[in-house]
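*Asks:*
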Amino acid sequence: MHDKAKKHNETTPAARNMHHGRDRPLSQWARCEKDPEKLAEFRQWAFDTLKRANTGDREALAELAQECSQWPEDILDKFTDLTKIVQAMIFRKMFPDQDGSRLLMQEKVDRLRAALFPAGGDRLEKLLVEVVVMCWAQVHRAELEEVRGQSELSDRPEMLRYLSSCTDRAYRRLLSAARTLAVVRKLTRSNEVGASFSANDPEADCITTVTGK
Numbered sequence: 000m001h002d003k004a005k006k007h008n009e010t011t012p013a014a015r016n017m018h019h020g021r022d023r024p025l026s027q028w029a030r031c032e033k034d035p036e037k038l039a040e041f042r043q044w045a046f047d048t049l050k051r052a053n054t055g056d057r058e059a060l061a062e063l064a065q066e067c068s069q070w071p072e073d074i075l076d077k078f079t080d081l082t083k084i085v086q087a088m089i090f091r092k093m094f095p096d097q098d099g100s101r102l103l104m105q106e107k108v109d110r111l112r113a114a115l116f117p118a119g120g121d122r123l124e125k126l127l128v129e130v131v132v133m134c135w136a137q138v139h140r141a142e143l144e145e146v147r148g149q150s151e152l153s154d155r156p157e158m159l160r161y162l163s164s165c166t167d168r169a170y171r172r173l174l175s176a177a178r179t180l181a182v183v184r185k186l187t188r189s190n191e192v193g194a195s196f197s198a199n200d201p202e203a204d205c206i207t208t209v210t211g212k
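Now the structure itself:
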């Protein structure tokens, strides 16, 4: 019994910073928790360490593995939010040499995300909102490529048909995602429907919010 209690105590957060009665050096995040002013310094350290780990630095990879288990969810999200990573790739594809346009598009999707995800939403709603926002970005990318194709590929009708079909599929995915979000929200928060969507037709109101039509 004594051995089991000892083993349990050694796995507690406090014990992980102790070694044979001596304090271990605090982790990067633990230091940040003790001094919130070090948050910017921590983020820079995390980005630098991640960059080194991604280029084959085994020491940086081991350090990151030891540290990341202590990070809170919001900090971990800053490095693992694949939706935002993919969105950034979409915007680079849309505006390869236009930093300003990419910045404005990012601001647009951030506002759309905030409008669709009011305070009090659950994790499922958050996931579905991200899907809607992603589909919205894909629609505009498809439309832009179709318009460009009309001037650059006028002698290749098969490519024009392909680009048109891509736009159609993007719209179908967007409408499907918007409907799913509306249905889930209606089922989980039926008593609050009026706060976010039209009480008569929450599905149509959600689609209007996303598409502007």
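For the sequence shown, the tail end lands on 212 under numbering that gives the first Met the number 0, and the numbers increase by one without skipping.
Note that the Cβ used here is the ideal one computed from N, Cα and C, for glycine as well.
(1) Which of the three DSSP states, helix, strand or coil, is assigned to GLY148?
(2) May I ask you to verify whether the stretch 103 to 122 touches the stretch 163 to 171, counting CB pairs closer than 8 Å and requiring at least 3?
(3) Rounded to whole angstroms, what is the Cα-Cα separation between ALA181 and ALA59?
(4) Could you check whether CYS134 and LEU173 sit closer than 7 Å to each other, using their CB atoms as the reference points?
(5) What would DSSP say about THR187, mapped onto helix, strand or coil?
(6) Does the stretch 92 to 105 come into contact with the stretch 38 to 49, if we say contact requires no fewer than three beta-carbon pairs (one atom in each stretch) closer than 8 Å?
(7) Do you know whose CA, among GLU144, LEU38, ALA177, GLN69, lies nearest ARG112's CA?
(8) May I have the straight-line CA-CA distance separating THR179 from LEU127, to the nearest angstrom?
(9) To the nearest whole angstrom, what separates the beta carbons of ALA136 and VAL108, a pair I think is in contact under 8 Å?
(10) Does DSSP put GLY55 in a helix, in a strand, or in coil?
*Replies:* This is what the structure gives:
(1) helix
(2) no
(3) 44 Å
(4) yes
(5) helix
(6) no
(7) ALA177
(8) 8 Å
(9) 6 Å
(10) coil
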